[in-house]
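Contents: one structure, followed by commentary.
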Amino acid sequence: MELMDKGWNIASPDVTTPDEIEAFRNTYAENKGSVLPAFEFWLQLRPDPLKRYRMQARQSPDPKMLDAPFSVLAFLHYYCVEGYEDGILYESTHALKNGATKDEVIDTIAVAFIHAAPKGLRYAGTSTLDYLKAFDDSDSPGLPWPDHWNHDPDLLSTGLDFTDPDMLSGELDLIRDWNLRVLGEVPRYVEFLGKYQPNLLKAQRSRFEFALKVSPAQYLPYLLTHFNVTRGFAPGIREGVLMGKGLGMTKLDILDAIKWGMIYGGPAAISTADEAVSDILDDWV
Numbered sequence: 059m060e061l062m063d064k065g066w067n068i069a070s071p072d073v074t075t076p077d078e079i080e081a082f083r084n085t086y087a088e089n090k091g092s093v094l095p096a097f098e099f100w101l102q103l104r105p106d107p108l109k110r111y112r113m114q115a116r117q118s119p120d121p122k123m124l125d126a127p128f129s130v131l132a133f134l135h136y137y138c139v140e141g142y143e144d145g146i147l148y149e150s151t152h153a154l155k156n157g158a159t160k161d162e163v164i165d166t167i168a169v170a171f172i173h174a175a176p177k178g179l180r181y182a183g184t185s186t187l188d189y190l191k192a193f194d195d196s197d198s199p200g201l202p203w204p205d206h207w208n209h210d211p212d213l214l215s216t217g218l219d220f221t222d223p224d225m226l227s228g229e230l231d232l233i234r235d236w237n238l239r240v241l242g243e244v245p246r247y248v249e250f251l252g253k254y255q256p257n258l259l260k261a262q263r264s265r266f267e268f269a270l271k272v273s274p275a276q277y278l279p280y281l282l283t284h285f286n287v288t289r290g291f292a293p294g295i296r297e298g299v300l301m302g303k304g305l306g307m308t309k310l311d312i313l314d315a316i317k318w319g320m321i322y323g324g325p326a327a328i329s330t331a332d333e334a335v336s337d338i339l340d341d342w343v
């Protein structure tokens with residue numbers, strides 16, 4: 059059997075020819091700029107784990123779900139959080155070569171900054187800053203966002219007065235109301251921070267509401283769901299899935315974010331997701 063992927067036959071993991079290895083290198087160089095050091099390790103020492111990895115990656119896409127650019131940017135978000143310099147550059151390169159605008163890539167990095175802080179974003183600076191500044195996206199069409207996704211800042215707005223850093227009277231209720239309206243429940247951190255550190259909650263909310271400058275509001279729960287599945291945080295998975303549903307994503311949109319989390323989270327991450335959101339998914343038509 060033959061199943062070609064990235065220039066080589068992944069249906070035959072235990073047999074790899076020099077021509078296949080060269081074809082794999084050339085494909086990555088063309089699409090992402092270079093072969094990752096992690097992949098070069100296997101190309102030189104033992105190609106079969108890399109072929110089996112590519113088989114898993116190939117089986118992850120589903121034609122009924124979202125197109126490849128969204129998983130590319132989900133991994134860009136994760137690589138920024140983890141400080142994975144090679145990955146930040148090659149996913150940025152891949153996204154831009156596939157039609158993303160610089161602002162769409164920067165939106166992704168802005169969401170990552172919420173979780174990565176300076177540690178992770180240091181590597182966005184060292185790996186990608188010059189590339190992004192120099193890249194001409196004047197002919198870039200932008201990502202093919204789903205028709206039911208839309209860039210509407212009001213969808214994420216609680217109505218807080220962010221010109222005042224203090225949590226004003228009634229503003230905690232605005233945060234509760236937004237969560238009840240969109241998620242159907244209030245995450246525990248809202249009540250905890252509202253009780254003990256309300257100004258910190260307000261500052262965090264400001265970062266959340268204004269991270270996206272051009273991308274659809276639904277992109278935020280997509281990223282959050284993927285990220286929390288990857289790290290196995292059940293409350294974060296639940297919040298992301300409920301947010302996505304409340305903002306008009308489809309069940310298949312959310313399942314796309316969940317399934318990609320297995321690449322780094324492993325099968326146990328899917329078990330965690332099942333425990334966190336099976337009740338939501340079972341009732342979601």
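According to our numbering, the sequence shown is numbered sequentially starting from 59. For glycine and all other residues, C-beta sits at the position ideal for the given N, C-alpha and C.
- Taking 8 Å as the cut-off, the beta carbon of K177 is found no closer than this to the beta carbon of G217.
- Within the same chain, and ignoring the five residues on either side of T184 in sequence, the residues whose Cβ sits closer than 7 Å to its Cβ are E143.
- When C-beta atoms of the stretch 319–329 are compared with those of the stretch 288–301, three or more pairs fall below 8 Å, so the two segments count as touching.
- Counting C-beta atoms within 10 angstroms of its own C-beta, S336 has fewer than 16 neighbours from the protein chains shown and is therefore classed as exposed.
- In this structure, DSSP gives W236 a helical state, which the three-state scheme calls helix.
- Annotated as proximal: Y181 and I146, with beta-carbon spacing under 8 Å.
- In this structure E162 is buried. Its beta-carbon is surrounded by 16 or more other beta-carbon atoms within 10 angstroms.
- In the same chain as L305, and ignoring 5 residues on each side of it, the C-beta atoms closer than 7 Å to its own belong to L213, V240, A275, Q276 and P279, in chain order.
- Under the three-state reduction of DSSP output, N257 falls in the helix class.
- Judged by their CB atoms, R265 and I233 are not nearer to each other than the 8 Å cut-off.
- Three or more Cβ pairs drawn from the stretch 163–175 and the stretch 120–138 lie within less than 8 Å of each other, which places the two stretches in contact.
- D194 and M59 have their C-alpha atoms spaced approximately 42 Å apart.
- By the C-beta density criterion, L238 is exposed, having fewer than 16 other C-beta atoms within 10 angstroms.
- Taking C-alpha positions only, L108 is separated from M123 by approximately 25 Å.
- Going by beta carbons, G157 and L190 fall outside the 8 Å limit.
- Counting along the chain, Y111 sits inside the alpha helix (DSSP H) bounded by residues D106 to Q117.
- Buried is the label assigned to Y148, since at least 16 other Cβ atoms lie within 10 Å of its Cβ.
- Here D63 is bridged, per DSSP, to W66.
- Within the stretch 138–188, complete alpha helix (DSSP H) segments of at least 4 residues are found at 143–155, given in chain order.
- Around the CB of A153, 16 or more other CB atoms lie within 10 Å, so the residue is classed as buried.
- Distances from the alpha-carbon of G65 to those of E80, R116 and K260 put E80 closest.
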